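Here the structure comes first, spelled out in C-alpha cells, and everything after it is commentary.
Number of protein chains: 2
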Amino acid sequence: MAERKIGFIGLGIMGQPMVANLQDAGHTLVVHDLDRDRLHHAVLAGAAEATSPREVAESSEVVITMLPDSPDVEAVALGSDGLIEGATRGQLYIDMSTIAPQVAVRVADEMCERGVRCLDAPVSGGDVGAIEGKLSIMVGGDEATFTDALPILRVMGETITLCGPIGSGQIVKACNQIQVALNLVGMAEALTLGAKAGVDPEVVIEVLSGGYARTRVMDVRGPRVIRGDFEPGFKAKLHYKDINIVMQSGRDYGVPLPASAIARELFGAMLAAGRGELDHSAILTVLEDLARVEARTD
Amino acid sequence: MAERKIGFIGLGIMGQPMVANLQDAGHTLVVHDLDRDRLHHAVLAGAAEATSPREVAESSEVVITMLPDSPDVEAVALGSDGLIEGATRGQLYIDMSTIAPQVAVRVADEMCERGVRCLDAPVSGGDVGAIEGKLSIMVGGDEATFTDALPILRVMGETITLCGPIGSGQIVKACNQIQVALNLVGMAEALTLGAKAGVDPEVVIEVLSGGYARTRVMDVRGPRVIRGDFEPGFKAKLHYKDINIVMQSGRDYGVPLPASAIARELFGAMLAAGRGELDHSAILTVLEDLARVEARTD
Chain A
35 MAERKIGFIG LGIMGQPMVA NLQDAGHTLV VHDLDRDRLH HAVLAGAAEA
85 TSPREVAESS EVVITMLPDS PDVEAVALGS DGLIEGATRG QLYIDMSTIA
135 PQVAVRVADE MCERGVRCLD APVSGGDVGA IEGKLSIMVG GDEATFTDAL
185 PILRVMGETI TLCGPIGSGQ IVKACNQIQV ALNLVGMAEA LTLGAKAGVD
235 PEVVIEVLSG GYARTRVMDV RGPRVIRGDF EPGFKAKLHY KDINIVMQSG
285 RDYGVPLPAS AIARELFGAM LAAGRGELDH SAILTVLEDL ARVEARTD
Chain B
35 MAERKIGFIG LGIMGQPMVA NLQDAGHTLV VHDLDRDRLH HAVLAGAAEA
85 TSPREVAESS EVVITMLPDS PDVEAVALGS DGLIEGATRG QLYIDMSTIA
135 PQVAVRVADE MCERGVRCLD APVSGGDVGA IEGKLSIMVG GDEATFTDAL
185 PILRVMGETI TLCGPIGSGQ IVKACNQIQV ALNLVGMAEA LTLGAKAGVD
235 PEVVIEVLSG GYARTRVMDV RGPRVIRGDF EPGFKAKLHY KDINIVMQSG
285 RDYGVPLPAS AIARELFGAM LAAGRGELDH SAILTVLEDL ARVEARTD
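Residue numbers (the numbering used here), protein chains in the order written: chain A, 35 to 332; chain B, 35 to 332.
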C-alpha cells in the first residue's frame with residue numbers, strides 16, 4: 035500500500051489508537067487537537083503537530099476527523115482557520131465522527147465546492163475495536179472516493195461497508211444505535227419485571243437467549259448486567275448523544291420514532307442520575323429506580 | 035414412559051398438533067373444545083370427547099389447557115362445570131395458555147385447595163414448534179410437580195425450563211414478549227429511518243446484523259420484511275394480546291414499562307389498520323404509515 039500524508043484531528047479515546055495504527059502502517063501523520071497533551075504519543079512516534087485545522091489541510095493529502103459531535107465537525111471543517119481554508123483540489127476528507135446525517139451532508143457539500151472529495155465514515159466497535167484495528171466502518175460517499183480511501187480505512191477497521199451517497203454512513207450508524215438502544219431497553223424492562231415478580235434473572239436470560247428473543251447485546255452484556263457489572267464498554271453518555279442524533283435525524287427526514295424517543299428519555303434519566311459514565315446497559319438501573327427494585331449499583 | 039390418561043381442553047391451531055403428538059406418544063386422550071369441529075382429528079385418532087371441563091377433570095389423571103386468554107382459563111378452570119368441579123386429589127393440571135401471571139397464580143391457588151397439583155407452562159415456538167414437538171416451554175410450579183410432568187412436556191417441547199414457583203412461567207413468557215416486541219420495533223424504526231433517508235434496507239440489515247445490533251428477530255425476519263413478506267409466523271393480534279398481558283403484569287407487580295407501552299400502542303395501531311393477521315414483524319408498516327413511506331403491503 036502506498037504511504038500517504040494523513041492529517042488527523044481529534045485524538046481522543048478513539049482517535050489516538052486510530053492514529054497509532056495509521057503510523058504503524060507506515061503513513062506520515064500531521065495531528066491536531068485542542069488538547070495538546072493528547073498529541074504526545076503521536077508526536078513521539080513521528081507525527082508533525084499542526085496548530086489549526088487549516089494547517090492540517092494545507093499539509094495533508096488525506097484529512098481524517100474523529101470528533102465528539104456535529105458542532106465540532108462543523109467548526110473544524112467550515113469554521114475560521116478550518117479545513118476548508120486550507121483545502122486543496124482532489125484532497126480526500128474522511129469524517130469518522132458520529133454526527134447528524136444532515137450536518138454531514140452540509141459539510142460535504144461545502145467542502146465539495148472547493149474540490150475536496152468527502153466521505154462520512156462513522157464507526158462502531160468502541161476503543162477496543164479502535165486499538166485492535168477492528169472497527170466496523172459505515173461509509174457514505176461515491177464509489178471512486180470509497181475505493182481510494184479503502185486502504186486507509188482497512189488499517190483501522192475490519193468490516194467496511196459503503197452504505198450509499200454522502201450521509202448514508204451516518205444514517206446507518208443512527209439505525210444501528212436505534213436497534214442497540216431498544217435491545218438494551220427491552221432487556222432492562224424484561225429483567226425488571228422478572229426481578230420484581232420474583233423470577234431469578236439468570237433464568238430470564240437463559241430462556242430469552244435460547245429463543246427468538248435472543249440479541250447480541252444480551253449475549254455480551256446479559257450475564258454482566260445481572261451481576262451489577264456496568265463497567266464500560268460503551269458509555270451511556272455517548273449513547274445518549276447518539277440517540278439525540280437519531281431523534282434529530284427523525285425530524286430532518288420526517289420519521290416519527292416513538293420508541294427511540296422513550297429510549298432517549300430513559301438514557302436522559304440515567305445521565306440525570308449521574309450514571310453517564312457507566313456502560314449503556316446500566317439503563318437497567320433506571321427501570322429499577324422506576325420500579326423501586328433494590329439497586330445493585332449506583 | 036408410562037402412558038397416562040390426559041384431558042386436553044382447547045384444540046386450536048396450537049392445541050391440535052399438541053394433542054396429536056400426545057396421542058402418537060401412546061397417551062389416552064379426553065378432549066374438549068367449545069367448537070366441536072376442532073375435535074375431529076383427535077377423536078378419529080382415538081380420543082374420547084367430553085362435554086364440559088368438569089367431565090374432562092373427572093376422567094383424567096392429567097389435565098392440560100391451551101386457551102386464548104386469561105378469562106378463558108378462569109372460566110374453564112373455576113367456572114360452572116369447570117375443572118374444579120371434577121377435580122380429584124393428586125390430579126396434575128398444566129395450563130399451557132399464555133395468560134396474566136396473577137391469574138395463573140389465582141387459578142392455581144384455588145385448584146390447589148382441592149388437592150390439585152398445578153403448573154403454568156406457556157410456550158413459544160408457534161404452530162410449527164407445536165407440530166414438530168419442539169416448543170420452548172416456560173414452567174412455573176414446584177420441583178416435584180415439574181418432574182412428574184416432564185415426560186409429558188417432552189412430547190410437546192424441546193427446551194423446557196422450570197422458571198420458579200407458580201406464575202413464573204407466565205412471567206418469563208411476558209419478559210420474552212417484551213424483548214421480542216422491542217427488537218421488532220427497533221428494527222422497524224431503523225428500517226423506516228433508513229428508507230426515508232434513502233439508504234438501501236438491505237445495507238441496513240447487513241450492517242446491523244454484522245455487529246452489536248444483531249437480533250435473532252432480524253436474522254429470521256429481516257430479509258423477508260424488506261421484501262414486504264409479512265406471512266405469519268406469529269400473528270400481530272397475538273403479540274398485541276401478549277403485550278396487554280405484559281402491561282397488566284407491570285401494573286400487578288408495580289413495574290412501569292414505558293417502552294413496552296409504546297410497543298403496545300404501535301401494535302394497537304396495526305390492529306386498527308386491519309393488519310392483525312399479518313406477522314408481528316409488519317409493525318414496520320405502522321412506522322411507514324407514520325412517516326408516510328410508500329407502503330409495500332396492506
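The beta-carbon is built from N, C-alpha and C at its ideal position, and this holds for glycine as well.
Only a predicted model underlies this, so the values are computations on that prediction, with no experimental measurement involved.
The beta strand (DSSP E) enclosing residue i, as first and last residue numbers
{"i": "residue 192 of chain A", "result": "191 to 198"}
{"i": "residue 41 of chain B", "result": "39 to 43"}
{"i": "residue 90 of chain A", "result": "Counting along the chain, residue 90 of chain A falls outside any beta strand (DSSP E), though it belongs to the alpha helix (DSSP H) covering 87 to 92."}
{"i": "residue 63 of chain A", "result": "62 to 66"}
Within chain A, the residues that residue i reaches when beta carbons sit closer than 7 Å
{"i": "residue 158 of chain B", "result": "245 and 246"}
{"i": "residue 297 of chain B", "result": "293"}
{"i": "residue 234 of chain B", "result": "198"}
{"i": "residue 209 of chain B", "result": "224, 227, 228, 238 and 242"}
{"i": "residue 173 of chain B", "result": "The premise fails here: residue 173 of chain B is roughly 10 Å from chain A at the closest Cβ pair, so nothing lies under 7 Å."}
Beta-ladder partner(s) of residue i, from DSSP
{"i": "residue 152 of chain B", "result": "B:127"}
{"i": "residue 365 of chain B", "result": "Summary: the structure shown does not reach residue 365 of chain B, with chain B confined to residues 35 through 332, and so no result is reported for it."}
{"i": "residue 249 of chain B", "result": "A:249"}
{"i": "residue 107 of chain A", "result": "Note: residue 107 of chain A sits in no beta bridge, so no partner."}
{"i": "residue 269 of chain B", "result": "B:313"}
{"i": "residue 169 of chain A", "result": "A:191"}
{"i": "residue 83 of chain B", "result": "B:65"}
{"i": "residue 99 of chain A", "result": "A:43 and A:129"}
Proximal residues of chain B, C-beta to C-beta of residue i below 8 Å
{"i": "residue 288 of chain A", "result": "230, 325 and 326"}
{"i": "residue 283 of chain A", "result": "227 and 231"}
{"i": "residue 170 of chain A", "result": "241, 244 and 245"}
Pairwise C-alpha distance: residue j and residue i
{"i": "residue 298 of chain A", "j": "residue 129 of chain A", "result": "25 Å"}
{"i": "residue 48 of chain B", "j": "residue 190 of chain B", "result": "10 Å"}
{"i": "residue 223 of chain B", "j": "residue 237 of chain B", "result": "15 Å"}
{"i": "residue 74 of chain A", "j": "residue 84 of chain A", "result": "13 Å"}
{"i": "residue 167 of chain B", "j": "residue 42 of chain A", "result": "59 Å"}
{"i": "residue 134 of chain A", "j": "residue 204 of chain A", "result": "7 Å"}
{"i": "residue 332 of chain B", "j": "residue 309 of chain B", "result": "Per-residue confidence for residue 332 of chain B stands at a pLDDT of 42, beneath the threshold of 50, marking its modelled position as unreliable; the derived number appears in the next sentence. Each residue's Cα considered, the two are about 7 Å apart."}
{"i": "residue 196 of chain A", "j": "residue 154 of chain A", "result": "10 Å"}
{"i": "residue 109 of chain B", "j": "residue 321 of chain A", "result": "35 Å"}
{"i": "residue 292 of chain B", "j": "residue 296 of chain A", "result": "7 Å"}
{"i": "residue 212 of chain A", "j": "residue 158 of chain A", "result": "13 Å"}
{"i": "residue 37 of chain B", "j": "residue 65 of chain B", "result": "16 Å"}
{"i": "residue 101 of chain A", "j": "residue 50 of chain A", "result": "12 Å"}
{"i": "residue 280 of chain B", "j": "residue 112 of chain A", "result": "50 Å"}
{"i": "residue 44 of chain B", "j": "residue 106 of chain B", "result": "10 Å"}
{"i": "residue 137 of chain B", "j": "residue 126 of chain B", "result": "18 Å"}
Residue of the options minimising C-alpha distance to residue i
{"i": "residue 230 of chain A", "options": "A:272, A:291, A:325 and A:187", "result": "A:325"}
{"i": "residue 165 of chain A", "options": "A:239, A:53 and A:301", "result": "A:53"}
{"i": "residue 98 of chain B", "options": "B:186, B:296 and B:248", "result": "B:186"}
{"i": "residue 56 of chain B", "options": "B:188, B:274, B:210 and B:211", "result": "B:188"}
{"i": "residue 312 of chain B", "options": "B:262, B:294 and B:281", "result": "B:262"}
{"i": "residue 145 of chain A", "options": "A:65, A:88 and A:158", "result": "A:88"}
{"i": "residue 282 of chain A", "options": "A:171, A:104, A:169 and A:232", "result": "A:104"}
{"i": "residue 198 of chain B", "options": "B:214, B:284, B:178 and B:92", "result": "B:178"}
{"i": "residue 172 of chain A", "options": "A:118, A:162 and A:192", "result": "A:192"}
{"i": "residue 289 of chain B", "options": "B:208, B:307, B:123 and B:82", "result": "B:208"}
Range of the contiguous alpha helix (DSSP H) that encloses residue i
{"i": "residue 237 of chain A", "result": "235 to 243"}
{"i": "residue 319 of chain A", "result": "317 to 325"}
{"i": "residue 141 of chain B", "result": "135 to 147"}
{"i": "residue 74 of chain B", "result": "74 to 78"}
{"i": "residue 53 of chain B", "result": "49 to 58"}
{"i": "residue 292 of chain B", "result": "292 to 306"}
{"i": "residue 119 of chain A", "result": "117 to 120"}
Listed by chain order, chain A residues near residue i by CB distance under 8 Å
{"i": "residue 250 of chain B", "result": "245, 246, 247, 248 and 249"}
{"i": "residue 216 of chain B", "result": "216, 217, 219, 220, 223 and 293"}
Closer than 7 Å at the beta carbon, the chain B residues around residue i
{"i": "residue 135 of chain A", "result": "231"}
{"i": "residue 184 of chain A", "result": "The contacting residues do not exist; residue 184 of chain A stays about 16 Å from chain B at best."}
{"i": "residue 98 of chain A", "result": "Within chain B, no residue comes near residue 98 of chain A; the closest Cβ sits about 20 Å away, beyond 7 Å."}
{"i": "residue 221 of chain A", "result": "213"}
Partners in chain A for residue i, counting only beta-carbon separations shorter than 9 Å
{"i": "residue 7 of chain B", "result": "Only positions 35 to 332 of chain B appear in this structure, which leaves residue 7 of chain B out of reach."}
{"i": "residue 205 of chain B", "result": "227, 228, 231, 232, 233 and 238"}
Where residue i meets chain B, residues with beta-carbon distance less than 9 Å
{"i": "residue 195 of chain A", "result": "237, 240, 241 and 244"}
{"i": "residue 202 of chain A", "result": "228, 231, 232, 233, 234 and 237"}
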